[in-house]
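Engineer: Structure provided below as structure tokens; questions to follow.
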Amino acid sequence: MSRGETSGRCVVWVGRPSVEEHFGLIRAGWRTVVADPARDGGGLPDCGHRAIAVLDLRAATEPAARILFELKENHPDLAWIGLTGTRGSTDDDALRRLLPQAFHVIEGNAPLGALRQALRRVPGDDVEIDDEPPSLLTGSSPAIRTLSQNLRKFAPVELPLLITGETGTGKEMAARALHQLSPRRDKPFAAINCGALPANLVQSELFGHERGSFTGAASRRIGHFESADGGTVFLDEIGDLPLEAQTNLLRVLQEGTIERIGSCQSIKVDVRVLAATHVDLEKAVAQGRFREDLFYRLNVLRLRMPPLRERTGDVDLLAQHFLDAFRENYGTRARAFSSAARQAMNAFSWPGNVRELMNRVQRAAVVADDALITPDDLELNAETRGADRDSLGSARTSAEREAIMDCLRASAFNISECARRLRVSRVTVYRLCKKHQLAIDQLR
Numbered sequence: 034m035s036r037g038e039t040s041g042r043c044v045v046w047v048g049r050p051s052v053e054e055h056f057g058l059i060r061a062g063w064r065t066v067v068a069d070p071a072r073d074g075g076g077l078p079d080c081g082h083r084a085i086a087v088l089d090l091r092a093a094t095e096p097a098a099r100i101l102f103e104l105k106e107n108h109p110d111l112a113w114i115g116l117t118g119t120r121g122s123t124d125d126d127a128l129r130r131l132l133p134q135a136f137h138v139i140e141g142n143a144p145l146g147a148l149r150q151a152l153r154r155v156p157g158d159d160v161e162i163d164d165e166p167p168s169l170l171t172g173s174s175p176a177i178r179t180l181s182q183n184l185r186k187f188a189p190v191e192l193p194l195l196i197t198g199e200t201g202t203g204k205e206m207a208a209r210a211l212h213q214l215s216p217r218r219d220k221p222f223a224a225i226n227c228g229a230l231p232a233n234l235v236q237s238e239l240f241g242h243e244r245g246s247f248t249g250a251a252s253r254r255i256g257h258f259e260s261a262d263g264g265t266v267f268l269d270e271i272g273d274l275p276l277e278a279q280t281n282l283l284r285v286l287q288e289g290t291i292e293r294i295g296s297c298q299s300i301k302v303d304v305r306v307l308a309a310t311h312v313d314l315e316k317a318v319a320q321g322r323f324r325e326d327l328f329y330r331l332n333v334l335r336l337r338m339p340p341l342r343e344r345t346g347d348v349d350l351l352a353q354h355f356l357d358a359f360r361e362n363y364g365t366r367a368r369a370f371s372s373a374a375r376q377a378m379n380a381f382s383w384p385g386n387v388r389e390l391m392n393r394v395q396r397a398a399v400v401a402d403d404a405l406i407t408p409d410d411l412e413l414n415a416e417t418r419g420a421d422r423d424s425l426g427s428a429r430t431s432a433e434r435e436a437i438m439d440c441l442r443a444s445a446f447n448i449s450e451c452a453r454r455l456r457v458s459r460v461t462v463y464r465l466c467k468k469h470q471l472a473i474d475q476l477r
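Going by our numbering, 130 is the number at position 97 of the sequence shown; the sequence numbering is gapless.
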């Protein structure tokens with residue numbers, strides 16, 4: 034086994050993992066190699082210096098332990114995790130005496146979920162390993178690659194950010210990913226749906242109140258902003274926030290202070306504000322429903338969530354991802370999709386986006402009678418696809434117009450820069466602007 038460094042951290046599975054266990058770890062972002070005592074005769078795989086060992090004691094205990102001892106001889110600081118089979122079948126104390134540096138012991142016949150959690154807690158260097166990448170990043174389309182790049186660019190920057198996109202595109206998941214990739218990852222993350230807050234309690238929910246400040250205020254309440262001090266506040270459906278609360282939010286962004294209802298004392302809070310909307314905030318500003326100064330404060334950085342119809346080639350990958358995750362928890366019979374089901378999924382425009390795809394896949398996994406999910410299981414029959422096709426053209430046209438507008442804004446309406454970002458000619462940019470009636474001079 035090489036002692037050289039590798040990129041990331043690696044799991045050496047000493048034993049025989051199931052297919053679900055092996056590929057489940059790979060999907061969660063872990064480089065995973067198998068050391069099979071019965072097959073390898075004690076040989077060790079090349080996994081680099083920063084390795085974590087999983088000792089599978091569900092079978093072939095002695096050969097597995099021998100390989101682990103060899104691993105530890107080359108890597109004295111190696112962390113390891115023991116799998117002991119059915120709960121109560123192994124004496125944990127005896128196992129720890131066998132290998133006193135045990136980090137964690139997992140019992141049970143379905144250990145994958147517990148194993149992922151244990152791997153996240155393994156002490157060692159400062160490499161941050163996520164349990165599993167967000168499902169919104171599953172895919173290989175240009176749209177999702179751009180989204181992934183922007184998430185990593187924007188995460189460490191301590192500026193407000195506005196997430197835009199249609200319903201079901203994963204705006205909250207993007208906000209959580211930004212938090213997890215940021216220096217604030219160990220601090221609180223508060224997600225608030227502004228549209229679900231009762232109008233008379235919005236201020237109290239966000240900023241808190243003092244005892245007796247209004248009827249029913251029997252005790253002091255700490256608001257979401259104060260509770261999330263040091264972390265991130267995510268305001269979903271920010272367009273539904275009442276104007277009075279918008280004023281107080283502007284104060285938070287400008288001064289970094291809040292005041293509880295019924296108090297005159299300013300409280301300093303350190304939070305990064307992420308906001309999301311599926312409505313046109315520029316139009317809301319023009320109609321007087323949203324403060325213009327607040328809009329500019331929130332719109333320092335903008336992250337656009339692409340609708341599923343723009344993510345060419347991602348539907349199959351996402352559907353299998355959702356099916357695998359569902360099977361892991363419920364063990365359903367369905368394991369994959371028929372060719373007809375894949376064709377139906379790719380022909381559908383998914384007005385509900387990733388959320389609708391996940392819901393249909395989970396429902397199909399429950400009702401499917403065979404290992405392969407059919408179009409009927411997904412409720413994507415010929416009539417549904419035919420009716421959907423009628424609206425697909427206009428949906429794609431709208432998406433194309435929004436995409437060219439986003440690129441023009443990002444390029445400061447410089448045609449050459451926009452063409453470079455889109456990897457097309459300047460003539461093509463002018464043609465698209467003409468097609469969608471975008472007047473560059475006016476937009477500038």
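Beta carbons are placed, not taken as given, at the ideal position from N, Cα and C, and that holds for glycine.
Every value quoted in this text rests on a predicted model; they were computed, and no experiment measured them.
Does Phe187 pass the burial test, meaning 16 or more other C-beta atoms within 10 Å, or should it be called exposed?
Structural biologist: Buried.
Engineer: Less than 8 angstroms between CB atoms is the rule here; does Leu239 satisfy it with respect to chain C?
Structural biologist: You won't find chain C in this structure, because it holds only one protein chain.
Engineer: Measure how close the beta-carbons of Val266 and Ala223 come, nearest whole angstrom, since I'm counting them as under 8 angstroms.
Structural biologist: Confirmed, about 5 angstroms.
Engineer: Thinking just about the alpha-carbon of each residue, which of Leu411, Leu331, Gln395 and Val285 is nearest to the one in Arg360?
Structural biologist: Comparing Cα positions, the closest option is Gln395.
Engineer: Alpha carbon to alpha carbon, what distance is there between Gly256 and Arg293?
Structural biologist: Taking the straight line from one Cα to the other gives about 8 angstroms.
Engineer: Any chance you could list the beta strand (DSSP E) runs of at least 3 consecutive residues sitting entirely within the stretch 203-291, in chain order?
Structural biologist: For the stretch 203-291, whole beta strand (DSSP E) runs of length 3 or above, ordered along the chain, are 222-226 and 265-269.
Engineer: Mind checking Gln470: buried by the 16 CB within 10 Å criterion, or exposed?
Structural biologist: With fewer than 16 other Cβ atoms within 10 Å, it is exposed.
Engineer: By how many angstroms is the C-alpha of Ile448 removed from the C-alpha of Arg459?
Structural biologist: C-alpha separation (whole angstroms): 6 angstroms.
Engineer: Distance, Cα to Cα, Leu1 vs Lys204?
Structural biologist: Because the chain spans 34 through 477 in this model, residue 1 falls outside it and cannot be assessed.
Engineer: Taking the alpha-carbon of Pro275 as reference, which of Asp403, Met391, Arg322 and His311 has the nearest alpha-carbon?
Structural biologist: If we check each option's Cα against that of Pro275, Arg322 comes out closest.
Engineer: So, do the stretch 174-183 and the stretch 310-324 have three or more beta carbon pairs nearer to each other than 8 angstroms?
Structural biologist: Output reads no: the stretch 310-324 does not touch the stretch 174-183.
Engineer: Just to confirm, is the Cβ distance from Met438 to Leu411 under 8 angstroms?
Structural biologist: Contact flag unset, no.
Engineer: Only counting the same chain, and skipping five residues up and downstream in sequence, which positions put a Cβ closer than 8 angstroms to that of Ser173?
Structural biologist: Taken in chain order, the residues that qualify are Gly346, Asp347 and Leu350.
Engineer: If I follow the unbroken beta strand (DSSP E) through Asp197, where does it start and stop?
Structural biologist: In the sequence under discussion, the amino acid at residue 197 is Thr, which differs from the Asp named in the question. That run of the beta strand (DSSP E) goes Leu194 to Thr197.
Engineer: Let me know if Glu161 comes out buried or exposed under the rule of 16 or more other beta-carbons within 10 Å of its beta-carbon.
Structural biologist: With a pLDDT of only 39 at Glu161, under 50, the local geometry of the prediction cannot be trusted, and the value read off the model is given with reservation. Glu161 should be labelled exposed.
Engineer: Kindly list the residues whose CB is nearer than 6 angstroms to the CB of Thr365, restricted to its own chain and excluding five residues on each side of it in sequence; keep chain order.
Structural biologist: The residues are Ala398.
Engineer: Going by other Cβ atoms of all chains shown within 10 Å of its Cβ, with 16 needed for buried, is Gln475 buried or exposed?
Structural biologist: So Gln475 counts as exposed.
Engineer: Out of Asp357, Arg393 and Tyr363, which one is the CA nearest neighbour of Ala374?
Structural biologist: Ranking Asp357, Arg393 and Tyr363 by Cα distance to Ala374 puts Arg393 first.
Engineer: Please classify Ala309: does DSSP put it in a helix, a strand, or coil?
Structural biologist: Note: Ala309 maps to strand in three-state DSSP.
Engineer: Just how far apart, CA to CA, sit Leu116 and Asp402?
Structural biologist: If you take the alpha carbons of Leu116 and Asp402, they lie about 33 angstroms apart.
Engineer: From Val304 to Leu405, what does the alpha carbon distance come to, in whole angstroms?
Structural biologist: So the two alpha carbons sit approximately 47 angstroms from each other.
Engineer: Under the rule that 16 or more other beta-carbon atoms within 10 Å means buried, what is Leu268, buried or exposed?
Structural biologist: By the neighbour-count rule (16 or more Cβ atoms within 10 Å), Leu268 is buried.
Engineer: Would you mind reading off the limits of the alpha helix (DSSP H) that contains Leu170?
Structural biologist: Careful: Leu170 lies outside any alpha helix (DSSP H) and carries neither H nor E.
Engineer: Leaving aside the five residues before and after Cys451 along the sequence, list all residues of the same chain whose C-beta is less than 6 angstroms from its C-beta, in chain order.
Structural biologist: Cβ within range, chain order: Cys440, Leu441, Ser444 and Val462.
Engineer: Going by beta carbon distance, what residues of the same chain come within less than 6 angstroms of Pro339, once the five residues before and after it are set aside?
Structural biologist: Excluding sequence neighbours, Pro339 sits near Ala176.
Engineer: In the DSSP assignment, the beta strand (DSSP E) including Arg337 goes from what residue to what residue?
Structural biologist: Leu334 to Arg337 is the extent of the beta strand (DSSP E) around Arg337.
Engineer: Quick one: is Leu239 buried, meaning 16 or more other Cβ sit within 10 Å of its Cβ, or exposed?
Structural biologist: Buried.
Engineer: Pick out whichever of Ile196, Val66 and Ile225 has its Cα sitting closest to the Cα of Leu211.
Structural biologist: Taking only the C-alpha atoms, the option nearest Leu211 is Ile196.
Engineer: Rounded to whole angstroms, what is the Cα-Cα separation between Trp113 and Ile139?
Structural biologist: Roughly 11 angstroms between the two C-alpha positions.
Engineer: Between His242 and Ala232, which are expected to be in contact by the criterion C-beta below 8 angstroms, what is the C-beta distance as a whole number of angstroms?
Structural biologist: About 15 angstroms separates the two Cβ atoms, so there is no contact after all.
Engineer: Starting from Cys297 and walking both ways along the beta strand (DSSP E), at which residues does that stretch end?
Structural biologist: Cys297 -> no beta strand (DSSP E), and no H or E assigned at all.
Engineer: If you count every other CB in all the chains shown that lies within 10 Å of the CB of Gln236, and 16 or more means buried, which is it?
Structural biologist: Buried.
Engineer: Taking the C-alpha atoms as reference points, what is the distance between Leu341 and Ala309?
Structural biologist: Rounded to whole angstroms, Leu341 to Ala309 spans 18 angstroms at the Cα level.
Engineer: Under a three-way DSSP split, which group does Phe370 fall into?
Structural biologist: Residue state, collapsed to three classes: strand.
Engineer: Measuring straight from C-alpha to C-alpha, what distance separates Leu283 and Leu327?
Structural biologist: Each residue's Cα considered, the two are about 6 angstroms apart.
Engineer: DSSP on Leu465, reduced to helix/strand/coil?
Structural biologist: In the structure shown, Leu465 sits in a helix (DSSP, three-state: H, G or I).
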